[in-house]
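What follows is one structure encoded as structure tokens, with my remarks underneath.
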Amino acid sequence: MNINATLAASLDRQETPSPSDWETTFRQMMLFDLAADMELGFFLSYYRNFAIPSIAKTLHTNAEIQQRAMKRSYDTAIVIYELIACGLDSDRGRPMVELLNRVHRNVPGSKDDFLYVLLTLLVVPIRWIQQHAWRQPTKAELVAASRFFTELGTRMNITCVPATYEEAEAFFDNYETTHVAASPEGRHLMDATVQVFQDRLPAPLRPVAKQMISTMLDDDRLTHALGLPRAGRISRTALTTGLKLRNAITRRRPLKTKPHFTPGDAGSSLYPDGYSLNQIGPVNVPHSPAHAGNELP
Ligand code: HEM
1 MNINATLAAS LDRQETPSPS DWETTFRQMM LFDLAADMEL GFFLSYYRNF AIPSIAKTLH
61 TNAEIQQRAM KRSYDTAIVI YELIACGLDS DRGRPMVELL NRVHRNVPGS KDDFLYVLLT
121 LLVVPIRWIQ QHAWRQPTKA ELVAASRFFT ELGTRMNITC VPATYEEAEA FFDNYETTHV
181 AASPEGRHLM DATVQVFQDR LPAPLRPVAK QMISTMLDDD RLTHALGLPR AGRISRTALT
241 TGLKLRNAIT RRRPLKTKPH FTPGDAGSSL YPDGYSLNQI GPVNVPHSPA HAGNELP
């Protein structure tokens with residue numbers, strides 16, 4: 001592959017890092033080498049939860065997404081990016097883990113539900129990269145990404161996280177085979193969230209936002225469950241052609257020197273002057289006594 005020298009140098013480092021540097025390897029992948037595609041993959045992970053009726057019901061009942069779709073969506077991304085950029089046990093990472101444990105304390109859900117949501121953050125972006133990014137993830141990046149989510153799971157008291165990326169994929173596929181289904185709550189959440197994606201698009205593309213999401217998800221069962229229009233051949237071809245063109249340009253450009261995410265920075269219209277960590281988190285936090293299946297503290 002003929003690529004810019006700075007991309008090649010980074011790829012070289014990402015192929016043979018020290019295994020103990022998994023956090024740095026994952027950070028480099030997320031914030032530099034494959035940043036744009038990893039972010040898109042996170043968006044797609046978020047929608048997937050709405051196709052699981054029990055999870056959709058819980059989210060719908062708490063109503064944070066319907067009431068503050070943009071804040072919920074951006075804050076979720078911020079929590080994950082803070083953990084990646086600063087480190088799980090860093091001064092900024094620890095409050096994010098505390099936030100996760102606090103908001104989920106009374107969330108009803110089985111161990112598998114929690115494992116599934118955790119693994120959507122791993123499997124969905126990686127699959128997107130494997131299909132659409134300017135390069136494949138390296139083996140070391142797969143190991144580093146898997147390790148990151150295992151470590152995050154451990155800090156959320158989620159046990160039995162699959163040890164390898166391949167095992168994570170197997171769990172993810174089995175869970176979806178038995179759980180994906182349409183529900184009024186899931187479709188309602190999807191409708192409430194589409195606008196967040198729409199706002200990030202150039203104006204002429206906004207009317208086709210649902211079609212675009214459906215094409216990117218590329219899974220008829222899932223898109224049906226979410227109430228999205230079926231992706232047609234034309235939109236599939238437009239997506240792959242557009243991404244091929246983008247990849248050709250990316251390969252010729254130098255690696256960006258500014259990270260894709262800077263902790264506390266103004267990254268969106270939601271926090272135009274930047275944010276402090278105590279602004280992050282849902283307003284509605286479930287308070288009812290936990291369901292028997294919820295093992296989080
Ligand atoms: C380890 C897996 C999970 C991760 C990493 C995760 C991530 C998050 C994050 C980052 C927030 C805070 C959002 C914000 O700041 O506004 C949040 C809130 C929430 N999560 Fe999760 N979540 C997980 C599993 C689940 C599951 C399985 C359910 C449902 C069964 C669930 C239901 C909720 C609810 C009800 C809230 C409160 C805000 C709302 O109603 O949307 N989460 N989650």
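Residues in the sequence shown are numbered consecutively from 1, following the UniProt record's numbering. Positions of the beta carbon are idealized from the N, C-alpha and C atoms, including for glycine.
Handout entry: Pair within 8 angstroms by beta-carbon distance, asparagine 49 and valine 117
Key = yes
Practice task
Answer yes if the region 23-39 comes into contact with the region 252-267, meaning at least three C-beta pairs across the two stretches below 8 angstroms, and no otherwise.
Solution key: yes
Handout entry: Distance between beta carbons of leucine 152 and leucine 83, contact taken as under 8 angstroms
Key = 7 angstroms
Practice task
Indicate, with yes or no, if ligand 1 has a heavy atom lying under 7 angstroms from the CB of phenylalanine 114.
Solution key: yes
Handout entry: Residue closest to isoleucine 213, alpha-carbon to alpha-carbon, out of Met190, Pro204, Ala203 and Pro202
Key = Met190
Problem - Cutoff 8 angstroms; reference glutamine 198; Cβ partners in own chain excluding five residues on either side - result: Arg206 and Ala209
Handout entry: proline 19 in three-state terms, based on DSSP
Key = helix
Practice task
Flag asparagine 2 as yes when its Cβ comes closer than 7 angstroms to any non-hydrogen atom of ligand 1, and as no otherwise.
Solution key: no
Exercise for the section: Take every Cβ of the region 141-150, pair it with every Cβ of the region 114-131, and state whether three or more of those distances are shorter than 8 angstroms. Expected result: yes
Exercise for the section: Assign histidine 287 to one of two classes, buried (16 or more other C-beta atoms within 10 Å of its C-beta) or exposed (fewer than that). Expected result: exposed
Exercise for the section: Give a single yes or no on whether isoleucine 280 has its beta carbon closer than 7 angstroms to a heavy atom of ligand 1. Expected result: yes
Practice task
Just mark asparagine 62 as buried or exposed, buried being the case when its beta carbon has 16 or more other beta carbons within 10 Å.
Solution key: buried
Practice task
Using 10 angstroms around the beta-carbon of arginine 27, count the other beta-carbons present and answer buried if the total reaches 16, otherwise exposed.
Solution key: buried
Exercise for the section: Work out the CA separation of isoleucine 80 and asparagine 294 for me, nearest whole Å. Expected result: Here asparagine 294 scores only 47 on pLDDT, less than 50, and its place in the model should not be relied on; the value that follows carries that caveat. Computed Cα separation, rounded: 22 angstroms.
Problem - Boundaries of the alpha helix (DSSP H) in which proline 125 is found, first to last residue - result: 111-132
Exercise for the section: Give every residue of the same chain whose Cβ lies closer than 8 angstroms to the Cβ of leucine 40, excluding the five residues on either side of it in the sequence, and list them in chain order. Expected result: Pro125, Trp128 and Met216
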